[in-house]
Amino acid sequence: MTTRRFLPVATMTLLLVAVWYAGALWLNAPQAEEALVRAAKPWGWTDLLAQAYGMKRPILPTPDQVAVELWNSLTGTTPTSPRNLLFHAWVTAEAALTGLAMGLALGTLLAVGIVHTRTLEYSLLPWVIASQTIPILAIAPMIVVILGNLGLTGLLPKAVICMYLCFFPITVGMVKGLRAADPLWLDLMRTYSAGGLRSFWSLRLPASLPFLFASLKVSVAISVVGAIVGELPTGGQAGLGARLLSGSYYGQTVQIWSALVMASLLSVLLIGVVRTVELALLGKAGAR
Amino acid sequence: MHTAPPPRSDGASTPVPASSAPADGPGHPIVDIRGLSLIYPTADQPVTALSDVSLSIAKGDFVSLIGPSGCGKTTLLRVIADLERPTSGRIAVEGLSPEQARLKRLYGYVFQAPALYPWRNVERNVMLPLEIMGLPAAERRTRARAQLERVGLAGFERKFPWQLSGGMQQRVSIARALALQPDLLLLDEPFGALDEITRDHLNLHLTQLWRATGKTCVFVTHSIAEAVFLSTRIVVMSPRPGRILDVIDCDLPRERTLDIRETPEFAAIAHRVREGLKEGHSYDD
């Protein structure tokens with residue numbers, strides 16, 4: 313990374329950390345003051361700061377508290393232990409990726425249908441859009457209950473919730489992508505007397521890939537959100553959602569925040585993977 | 358963009374091959390057009406793109422279609438390629454209907470724009486028609502390399518279209534059309550978007566290629582100099598309705614260099630083409 317890119321990022325990060333510390337002081341100060349008053353000893357500014365930044369259950373934990381919690385969780389236990397955040401991140405990632413794969417299949421299938429059949433465009437598209445107006449928090453427990461009733465528990469209900477969120481950007485992107493082929497490119501296929509299937513594989517599908525990857529980057533991030541939401545109604549045995557839930561039961565704000573940081577790291581990692589695949593597949597062709 | 362063929366008025370006007378005899382040997386018509394018309398039905402009133410066009414193109418000829426925009430020169434080329442369907446009249450391509458000729462991949466088509474697929478490198482662009490033909494991979498590569506060498510692009514196989522200049526891209530698209538090894542090459546203003554220096558260079562390239570391969574070329578252009586330099590025959594067309602005004606024999610020697618454009622013979626033919634265009638009111642506002 314060049315200095316020109318590094319400097320703005322570093323400045324912004326420092327600024328955010330400063331705001332975070334200020335916010336922590338502002339939110340935690342009333343409780344900290346109460347504790348100092350209760351101790352009935354003389355205290356000054358430094359005592360207040362130490363108290364506000366060192367509480368066991370702060371309203372807002374400080375970045376260093378979250379970092380220590382993350383570090384202890386990642387290094388203090390084996391990655392397969394339920395006390396390790398890597399274990400929970402993997403459980404969530406598994407559901408998110410399975411759901412993404414299912415969403416990719418469903419989204420592509422719908423897009424192909426919509427592009428090739430005018431009737432499907434009119435009959436299906438309104439439902440596709442309507443499906444996204446329902447809040448996922450409302451429908452997620454229903455999905456878990458219904459699938460649980462059918463004997464399906466564990467990974468699958470979560471993956472279905474992810475799929476429900478993922479397929480929409482993929483359908484929209486692919487419909488646009490499959491229609492992105494230049495008329496001249498289509499004429500060219502006709503002069504080769506290429507059939508419909510041939511044109512699809514050699515022209516329409518590759519022409520749609522840049523659109524697909526734009527959609528995938530959106531989808532992979534909301535898939536992680538979907539997996540976390542899916543872990544809440546299951547009672548929370550494992551996964552980042554489960555950590556959030558148990559953290560809020562016991563008022564463990566440091567645990568909640570470290571799970572949140574882990575979730576965003578997971579999303580960043582998965583988007584990075586999608587970006588890498590995109591570069592490998594389209595790198596040179598896309599570098600216009 | 359190619360749309361559904363316009364409705365045909367009746368069975369009798371369906372274009373049928375003019376002759377079922379196979380067209381081969383020099384001098385034999387490779388394209389034979391008789392009384393061809395094409396009318397686009399539009400919302401307010403039908404537009405006559407081609408009106409009673411008759412033209413015979415002999416094997417080995419280099420025929421240029423020249424005229425102002427709207428004269429139907431591109432439409433005529435697209436009819437030969439079965440990218441448009443005529444409303445009436447007869448047309449035969451190598452003794453077959455245009456559709457049969459297209460299905461048998463008897464011609465190579467070069468568009469105004471290079472129309473290269475950006476996600477394929479140069480070599481894989483040239484191999485595309487061969488993939489569709491179902492040729493084995495080794496032969497695809499051999500043929501693609503040979504054609505790229507023919508257009509002077511050996512060594513550029515692994516480049517992507519965006520890494521090439523406009524002129525080089527158009528040469529790739531010519532190599533791609535040649536890869537099918539057709540006897541007939543249809544070129545729709547292939548150098549129209551290029552600067553004059555590049556255009557001169559590619560004209561020289563094309564005439565050498567034509568002489569070396571003996572292919573029949575049908576070339577759409579709106580440049581008089583280009584038409585005279587390249588052609589054995591020049592078809593002068595006129596708009597509203599699109600029709601043929603004159604067919605001019607261009608009997609310059611087959612071996613041509615850019616210097617030929619300075620000769621009186623060249624000037625005389627160019628003058629005749631210009632007169633023909635004037636006659637068709639091409640210079641009116």
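Heads up: the protein sequence lines correspond to chains L and Y, in order. Those letters in the first sequence? Residues 313 to 600, by my numbering. Those letters in the second sequence? Residues 358 to 642, by my numbering. For glycine and all other residues, C-beta sits at the position ideal for the given N, C-alpha and C.
Tell me where the alpha helix (DSSP H) around residue i begins and ends.
| i | result |
| --- | --- |
| Gly-489(L) | 467-490 |
| Met-414(L) | 397-428 |
| Arg-629(Y) | 621-636 |
| Val-349(L) | 315-351 |
| Val-467(Y) | Where Val-467(Y) is concerned, there is no enclosing alpha helix (DSSP H), although the beta strand (DSSP E) it sits in stretches over 464-467. |
| Val-436(Y) | 430-437 |
| Ser-385(L) | 375-388 |
| Arg-502(Y) | 494-507 |
| Ser-558(L) | 552-561 |
| Leu-459(L) | 448-461 |
| Leu-583(Y) | Note on identity: in this sequence residue 583(Y) is Glu, with Leu being the wrong assignment. From DSSP, the alpha helix (DSSP H) with Glu-583(Y) extends over 581-587. |
| Ile-489(Y) | 479-490 |
| Gly-452(Y) | Premise fails: Gly-452(Y) is in no alpha helix (DSSP H) and is neither H nor E. |
| Gln-444(L) | No alpha helix (DSSP H) contains Gln-444(L), which DSSP labels as neither H nor E. |
| Thr-358(L) | 357-364 |
| Ser-522(Y) | No alpha helix (DSSP H) contains Ser-522(Y), which DSSP labels as neither H nor E. |
| Pro-495(L) | 495-503 |
Could you check the C-alpha separation between residue i and residue j for me, to the nearest Å?
| i | j | result |
| --- | --- | --- |
| Asp-606(Y) | Val-593(Y) | 11 Å |
| Thr-565(L) | Leu-556(L) | 9 Å |
| Ala-407(L) | Leu-528(L) | 16 Å |
| Lys-635(Y) | Leu-407(Y) | 19 Å |
| Trp-439(L) | Arg-430(L) | 15 Å |
| Asp-367(Y) | Arg-629(Y) | In this prediction, Asp-367(Y) scores a pLDDT of 42, lower than 50, which makes its location untrustworthy; no coordinate-derived value is stated. |
| Ser-385(L) | Gly-356(L) | 34 Å |
| Val-580(L) | Gln-567(L) | 20 Å |
| Leu-517(L) | Glu-583(Y) | 38 Å |
| Ile-554(Y) | Thr-315(L) | 43 Å |
| Val-536(L) | Leu-436(L) | 26 Å |
| Pro-539(Y) | Gly-637(Y) | 34 Å |
| Ala-442(L) | Ser-576(L) | 28 Å |
| Arg-497(Y) | Leu-535(Y) | 12 Å |
| Leu-473(Y) | Leu-453(Y) | 29 Å |
| Leu-459(L) | Pro-447(L) | 19 Å |
| Thr-503(L) | Pro-545(L) | 57 Å |
| Ala-304(Y) | Pro-522(L) | Because chain Y here runs from 358 to 642, residue 304(Y) falls outside it and cannot be looked at. |
| Pro-420(L) | Thr-483(L) | Note on residue identity: the sequence assigns Thr, not Pro, to residue 420(L). Distance between the alpha carbons of Thr-420(L) and Thr-483(L) is about 6 Å. |
| Gln-526(Y) | Phe-468(Y) | 11 Å |
| Gly-388(L) | Ala-571(L) | 16 Å |
| Leu-418(L) | Ser-394(Y) | 47 Å |
| Asp-359(L) | Leu-462(L) | 58 Å |
| Ala-613(L) | Ala-492(L) | Nothing in the structure corresponds to residue 613(L), since chain L is present only between 313 and 600. |
| Glu-590(L) | Leu-524(L) | 10 Å |
| Leu-467(L) | Ile-540(L) | 12 Å |
| Asn-396(L) | Lys-353(L) | 39 Å |
| Arg-631(Y) | Lys-516(Y) | 41 Å |
| Gly-392(Y) | Glu-546(Y) | 24 Å |
| Ala-569(Y) | Ala-501(Y) | 18 Å |
| Ala-378(Y) | Tyr-434(L) | Any reading at Ala-378(Y) must be qualified, since the residue scores a pLDDT of 43, below 50, and its modelled position is unreliable; the value itself is stated next. Taking the straight line joining both Cα atoms gives about 50 Å. |
| Gln-444(L) | Gly-553(L) | 22 Å |
Name the chain A residues that come within less than 9 Å of residue i, Cβ to Cβ?
| i | result |
| --- | --- |
| Arg-491(L) | The structure shown contains no chain A; its protein chains are L and Y. |
Sort out for me which residues DSSP pairs residue i with in a bridge.
| i | result |
| --- | --- |
| Cys-574(Y) | Phe-419(Y), Leu-542(Y) |
| Asp-608(Y) | Answer by DSSP bridge pairing: none, since Asp-608(Y) is not bridged. |
| Met-594(Y) | Ile-601(Y) |
| Ile-396(Y) | Thr-405(Y) |
| Val-573(L) | Val-573(L) is not bridged to any residue. |
| Arg-447(Y) | Arg-391(Y) |
| Leu-412(Y) | Ile-390(Y) |
When you compare each of the options to residue i by their alpha carbons, which one comes out closest?
| i | options | result |
| --- | --- | --- |
| Asn-478(Y) | Gln-565(Y), Asp-557(Y), Arg-533(Y), Cys-428(Y) | Arg-533(Y) |
| Ile-583(L) | Val-532(L), Trp-569(L), Gly-551(L), Ala-550(L) | Val-532(L) |
| Val-643(Y) | Glu-622(Y), Gly-571(Y), Val-410(Y) | The displayed coordinates of chain Y run from 358 to 642. Any statement about residue 643(Y) would go beyond what the structure contains. |
| Val-573(L) | Ala-341(L), Val-380(L), Leu-361(L) | Val-380(L) |
| Ala-415(Y) | Cys-428(Y), Glu-451(Y), Thr-432(Y), Gln-457(Y) | Glu-451(Y) |
| Leu-490(L) | Met-501(L), Ile-426(L), Thr-465(L), Leu-328(L) | Ile-426(L) |
| Pro-471(Y) | Met-486(L), Asp-376(L), Glu-345(L), Pro-495(L) | Pro-495(L) |
| Leu-515(L) | Leu-609(Y), Ile-489(Y), Val-388(Y) | Ile-489(Y) |
What residue does the beta strand (DSSP E) around residue i start on, and which one ends it?
| i | result |
| --- | --- |
| Leu-515(L) | Element bounds for Leu-515(L): n/a, residue is neither H nor E. |
The region 578-594 of chain Y / the region 410-426 of chain Y touching (three or more Cβ pairs under 8 Å): yes
Touching by the beta-carbon criterion (3+ pairs, under 8 Å), the region 608-621 of chain Y and the region 461-470 of chain Y: no
Cβ contact (3+ pairs, closer than 8 Å) linking the region 408-417 of chain L and the region 465-475 of chain L: yes
Three-pair Cβ contact test at 8 Å for the region 475-485 of chain L versus the region 428-439 of chain Y: no
Touch test, the region 394-410 of chain Y against the region 559-566 of chain Y, Cβ-Cβ under 8 Å, three pairs minimum: no
Three or more C-beta pairs below 8 Å linking the region 500-509 of chain L and the region 359-379 of chain L: no
Cβ contact check for the region 478-489 of chain Y and the region 501-509 of chain Y: 3 or more pairs under 8 Å: yes
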